[in-house]
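So the structure is just underneath, and the comments pick up after that.
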Amino acid sequence: YPREANVRQLRVLQEIATTRNLTVSQVVLGYVLSQPFPVFPIVGCQNLYQLEDSLQAVDVQLSSAEVARLNALRHGG
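Every number in this note's numbering is 371 more than the matching position in the sequence shown, counting from 1.
Rendered as structure tokens:
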């Protein structure tokens with residue numbers, strides 16, 4: 372939904388994706404996989420490109436600064 376907080380989150384995700392030469396989806400999945408507890412992301416792919424994009428996220432390792440930045444967004448920062 373086009374709320375200010377969502378737009379802000381998207382901008383940060385796009386910035387990280389551009390800086391790291393990743394897609395926004397890969398950044399999001401990389402963030403989910405970086406959590407300190409076991410996670411099992413369920414992705415919905417409509418084509419081979421989306422599947423390959425999602426699978427490449429397994430190799431994404433966000434820096435601690437990137438994770439902290441995304442954590443702050445989750446908590447309204």
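We put the beta carbon where it would ideally sit given N, CA and C, even for glycine.
In this text the structure is predicted, and so the values were computed from the model without any measurement.
Coil, strand or helix - residue i by DSSP
i      : result
LEU433 : coil
ASN418 : coil
GLY401 : helix
VAL410 : coil
Burial state of residue i (16 or more Cβ within 10 Å)
i      : result
THR394 : buried
VAL399 : buried
TYR402 : buried
ALA428 : buried
Host alpha helix (DSSP H) of residue i (start-end)
i      : result
ILE387 : 375 to 391
Chain-order list of residues whose beta-carbon lies under 6 Å from that of residue i (same chain, five-residue window excluded)
i      : result
VAL414 : SER425
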